Amino acid sequence: MLSHEWRASTSLAGVYALRMLGMFLVLPVLALHAHGLAAHLPESEQLKMVGLAMAMYGLTQAILQLPLGILSDKIGRKKVIYMGMAVFAGGSFLAATAHSVEMLVLARAIQGAGAVSAAVTALLADLTREEVRTRAMSMIGLSIGLTFSVGLVLSPILTNWVGVNGLFMIMGVLSVASIVLVAFYTPNPEQSHLHQDTQAQTSRLGEVLRNSQLLRLNFGIFTLQAGLMAIFTALPFALRNLGWDKTEHWKIYLPATVIGLVLMVPAIIIGETRHKLKPVFVLGILLILLAQFGLIFSLHSIWAIGVALIVYFIGFNILEASMPSLVSKIAPPDLKGTAMGVYNTLQSIGVFSGGMIGARMYAVAGFSGVFGFCCVLIGVWLVLAMTAPAPLPVKNIVLALPEQWHNRLDELSGSLKNVAGVQTVSFSEDKRNIFIKALQQGFDEDKVKQILTGV
Numbered sequence: 001m002l003s004h005e006w007r008a009s010t011s012l013a014g015v016y017a018l019r020m021l022g023m024f025l026v027l028p029v030l031a032l033h034a035h036g037l038a039a040h041l042p043e044s045e046q047l048k049m050v051g052l053a054m055a056m057y058g059l060t061q062a063i064l065q066l067p068l069g070i071l072s073d074k075i076g077r078k079k080v081i082y083m084g085m086a087v088f089a090g091g092s093f094l095a096a097t098a099h100s101v102e103m104l105v106l107a108r109a110i111q112g113a114g115a116v117s118a119a120v121t122a123l124l125a126d127l128t129r130e131e132v133r134t135r136a137m138s139m140i141g142l143s144i145g146l147t148f149s150v151g152l153v154l155s156p157i158l159t160n161w162v163g164v165n166g167l168f169m170i171m172g173v174l175s176v177a178s179i180v181l182v183a184f185y186t187p188n189p190e191q192s193h194l195h196q197d198t199q200a201q202t203s204r205l206g207e208v209l210r211n212s213q214l215l216r217l218n219f220g221i222f223t224l225q226a227g228l229m230a231i232f233t234a235l236p237f238a239l240r241n242l243g244w245d246k247t248e249h250w251k252i253y254l255p256a257t258v259i260g261l262v263l264m265v266p267a268i269i270i271g272e273t274r275h276k277l278k279p280v281f282v283l284g285i286l287l288i289l290l291a292q293f294g295l296i297f298s299l300h301s302i303w304a305i306g307v308a309l310i311v312y313f314i315g316f317n318i319l320e321a322s323m324p325s326l327v328s329k330i331a332p333p334d335l336k337g338t339a340m341g342v343y344n345t346l347q348s349i350g351v352f353s354g355g356m357i358g359a360r361m362y363a364v365a366g367f368s369g370v371f372g373f374c375c376v377l378i379g380v381w382l383v384l385a386m387t388a389p390a391p392l393p394v395k396n397i398v399l400a401l402p403e404q405w406h407n408r409l410d411e412l413s414g415s416l417k418n419v420a421g422v423q424t425v426s427f428s429e430d431k432r433n434i435f436i437k438a439l440q441q442g443f444d445e446d447k448v449k450q451i452l453t454g455v
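Everything in the sequence shown is counted per UniProt numbering, starting at 1 for the first residue and increasing by one.
Rendered as structure tokens:
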């Protein structure tokens, strides 16, 4: 990477991670905090408000994620990021001062409305060359994974020092700091334009929604996030019933998340290098299903809960790391951005649905209702995954289109398709880029470059 690409990648990965921190940092303690604020309400309403507090973040994020990405095409990436992070900061400060559960729900909705994810990825695409863009995007993915684990562990510890209101205040301060970071450290793009490999094209959403394999993955990320939110809507109450204060929950989450991260790495390596992505993917689903089922019978023992969570986070981390890769392998190269846009929207809808359904099932059927419902949902996903065709071991390559080929696209496409390992070839609408989907092994990249340059 060039120096400005490195600056762009590191700073924007930090901004993206902060958005996820908004959910993960309060996730282990939010249900108990909201329940305490709802103590004045009738018992039948208390868990409903807990569910809303957990869920509203995902709803407003799902609604505004794609529109704000489109807005960044019109008014500029950084302006949308500034606006989104300011909204997120405002929601965080409001949550920090909330003295009622209703105000907390409103604050969570405002937090989610600062949906800058699409604008961040678009800005990163503006600031990186085609040949390093995948690496830059992977830095964002890595930051999300680390944020998830760090957030779950730090949340109870920080709560012991500053309280839940203090967590929200920290998030607000970090949001303001991220605006300063983007303003003074992230480079300004020379020009912004649509990047079909990273941005959603609303005119082509139908093509993504008609792809059965992508639909399976969209249902999968919905289920994964819904199950996660449902767990953290109910599990904190189970730990409290065992005599564990919310400030001590990190003692359970720390080993579970660390072991999950460590064991995820070899699983992903095996999946990618030995072309075993589907078996590893199915294994991840099976693990979270076994964990949810195990939680039904584990709530009498802190050790049993710990074992179930270890199994869960091994599976969760495998799935969280492998699913974006599967989307990119399955989606047409010039629709990858649109496919990821739909995928991210379903992820946010899963957050909303998991919080709402988890709270409702807990009110109606207790802990077994929550985890039992998750088992049914994950069971459906497991069947869909097992019956899906295995994805080809392919990679996506984005190359600049030399000017001498602009009026000879059919000729170029035919030549490139004859190169060993090339599966599909397409071009961006503005004739800036070539999108190639090629086999990971046996692809003659030197031949492609020779055709493009004529040398």
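For each residue, glycine too, the CB sits at the ideal point set by N, CA and C. Predicted, not measured: the structure shown is a model, and the values here were computed from it.
What is the rounded straight-line gap between the Cα of residue i and the Cα of residue j?
i	j	result
residue 288	residue 346	19 Å
residue 61	residue 73	18 Å
residue 437	residue 332	8 Å
residue 52	residue 59	10 Å
residue 47	residue 108	16 Å
residue 432	residue 343	26 Å
residue 410	residue 270	38 Å
residue 71	residue 131	26 Å
residue 316	residue 302	20 Å
residue 258	residue 21	17 Å
residue 396	residue 334	10 Å
residue 309	residue 428	44 Å
residue 205	residue 361	33 Å
residue 245	residue 236	9 Å
residue 118	residue 407	32 Å
residue 373	residue 379	10 Å
residue 398	residue 133	8 Å
residue 371	residue 251	22 Å
Please go through the same chain and pick out, in chain order, the residues whose beta-carbon is closer than 6 Å to the beta-carbon of residue i, but skip the five residues on each side of it.
i	result
residue 412	405
residue 128	5, 136
residue 293	375
residue 89	172, 175, 176
residue 384	216
residue 96	165, 168, 169
residue 338	200, 201, 204, 208
Suppose the cutoff is 8 Å on Cβ atoms and the five residues either side in sequence are ignored; what does the same chain contact list for residue i look like?
i	result
residue 14	143, 178, 181
residue 416	422, 425, 434, 436, 448, 451
residue 164	26, 29, 30, 33
residue 322	268, 271, 277, 280, 281, 284
Span of the beta strand (DSSP E) holding residue i?
i	result
residue 299	It is not in any beta strand (DSSP E) - residue 299 carries neither H nor E in the DSSP assignment.
residue 424	422-427
residue 380	Taken as a continuous stretch (DSSP letters only), residue 380 belongs to no beta strand (DSSP E), being part of the alpha helix (DSSP H) at 336-386.
residue 396	394-400
residue 437	433-439
With 16 as the cutoff for other CB atoms within 10 Å, does residue i come out buried or exposed?
i	result
residue 386	exposed
residue 400	exposed
residue 104	buried
residue 202	exposed
residue 218	buried
residue 414	exposed
residue 45	exposed
residue 77	buried
residue 99	exposed
residue 453	exposed
residue 230	buried
residue 3	exposed
residue 75	exposed
Measure from the alpha carbon of residue i to the alpha carbon of each residue in the options, then state which is nearest.
i	options	result
residue 187	235, 361, 125, 44	125
residue 290	278, 305, 301	305
residue 49	314, 366, 275, 355	355
residue 368	16, 296, 443	296
residue 184	82, 336, 204, 242	82
residue 25	32, 446, 86, 154	154
residue 192	244, 168, 120, 147	120
residue 382	319, 39, 133, 117	319
residue 225	156, 312, 244, 84	312
residue 102	211, 35, 364	35
residue 340	42, 275, 122	122
residue 80	321, 114, 366, 245	114
residue 394	370, 420, 260	420
Starting from residue i and walking both ways along the alpha helix (DSSP H), at which residues does that stretch end?
i	result
residue 218	212-241
residue 450	445-453
residue 25	Element bounds for residue 25: n/a, residue is neither H nor E.
residue 115	Per DSSP, residue 115 belongs to no alpha helix (DSSP H) and is neither H nor E.
residue 167	130-184
residue 55	43-75
residue 246	First-last for residue 246: undefined, no H or E at that position.
residue 417	409-417
CB of residue i to nearest heavy atom of the ligand PLP: below 7 Å?
i	result
residue 172	Summarising the ligand content, the structure contains no ligands, and the ligand PLP is consequently not present.
Can you list, in chain order, the residues of its chain with a C-beta nearer than 7 Å to that of residue i? Leave out the 5 residues immediately preceding and following it.
i	result
residue 112	56, 57, 58, 59, 60, 61
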